[in-house]
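Residue numbers (numbering that gives the first Met the number 0): 0 to 236.
A virtual CB, placed ideally from N, CA and C, is assigned to each residue, including glycine.
Note that this is a predicted model, so its numbers are computed, not measured.
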Amino acid sequence: MRASDADRDRVANRLREALAEGRITPDEHAERIDAVYQAKTYAELEPVLSDLPADPADARAPAAPGISLRKEGGPPAPAAQSATMVAVFSGSQRKGRWLVEPRTNVTCVFGGVELDFRQAVLTQREVTVNVACVFGGVDITVPPGVRVINSISAVFGGVDVPHDDPLEPDAPVIRLTGMALFGGVSVKRREPGADGLLDRVNERVQRELARHGLAHERRDARRDRLRELREERRHRG
0 MRASDADRDR VANRLREALA EGRITPDEHA ERIDAVYQAK TYAELEPVLS DLPADPADAR
60 APAAPGISLR KEGGPPAPAA QSATMVAVFS GSQRKGRWLV EPRTNVTCVF GGVELDFRQA
120 VLTQREVTVN VACVFGGVDI TVPPGVRVIN SISAVFGGVD VPHDDPLEPD APVIRLTGMA
180 LFGGVSVKRR EPGADGLLDR VNERVQRELA RHGLAHERRD ARRDRLRELR EERRHRG
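Set out below in structure tokens:
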């Protein structure tokens, strides 16, 4: 029988509980979540929970609220996404309202990956982003109030993480692990909705620079023309 979205979400909720109870590891959770959202039938869903105790109340329990990184809160993201992101000679991004699993694996080879956590919902207080970046770039945006712990090893590459402002002891944590080889990882702190303002400011600055540059070009042209006229008069005299 075909499984519905509600069936897959119910199994995913049970896996999150199993992770919180210590019955499965973060890696096992990530693998099983991938299997859940690729499953099309009940037969494909059953093996995912086969070694976990049954929970009759699970079918009636609402989805876990998660940890929203938005200051105003809001409902959790509706469904989990793949815990693996791959960009090879291409680009990949996660932004808007999305559910962050305990561990997200990012592979970037001659490509770019963008992770925007400003409206994300964490499945637990601390999550890990494991990066394998080779001749590529990973841009991460977090809202204020989130602690970022960097453990990425950079080899002929760079990792730029801003210093933490004073944070609450129970502040959400995003832990960065992995390696950047001839690549870069950049973390920026930005308020939700700040992109539009920054873009407008940058556009205005560019217009001002262009206007001043044009004025300089005109002034230089006038100066050159005056020099040519003086040279012509001198030769005539």
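Please name the residue in GLY136, PHE134, LEU114 and GLN118 whose C-alpha comes closest to that of ARG127.
-> The sequence given here has Thr at residue 127, not Arg. Nearest option by C-alpha distance: LEU114.
C-beta atoms of ALA86 and VAL99 nearer than 8 Å | no
Does the beta-carbon of HIS28 have 16 or more other beta-carbons within 10 angstroms, so that it is buried, or is it exposed?
-> buried
Whole-angstrom distance between THR106 and ALA179, CA atom to CA atom = 10 Å
With a 10 Å radius around its C-beta and 16 neighbouring C-beta atoms as the bar for buried, classify PHE109 as buried or exposed.
-> exposed
Leaving out five residues on either side along the sequence, give the residues of the same chain with a beta carbon under 6 Å from the beta carbon of THR83.
-> ASN104
So what's LEU166 in DSSP terms, helix, strand or just coil?
-> coil
Closest Cα partner of ALA53 within the set GLU167, VAL10, SER150 and GLU43 = VAL10
Backbone CA spacing between ASP33 and GLY192 [nearest angstrom] = 31 Å
Three-state class that DSSP yields for ILE32 in the structure shown | helix
Delimiting residues of the alpha helix (DSSP H) encompassing LEU51 = LEU51 -> no alpha helix (DSSP H), and no H or E assigned at all.
Of the residues ASP4, SER152 and ASP26, the one placed nearest THR40, counting alpha carbons only = ASP4
Under the three-state reduction of DSSP, which class applies to ARG96: helix, strand or coil?
-> coil
Look up ARG13 in the DSSP assignment and say whether it is helix, strand or coil.
-> helix
Three-state class that DSSP yields for ARG124 in the structure shown | coil
Which two residues bound the contiguous alpha helix (DSSP H) that contains ALA42?
-> 41-44
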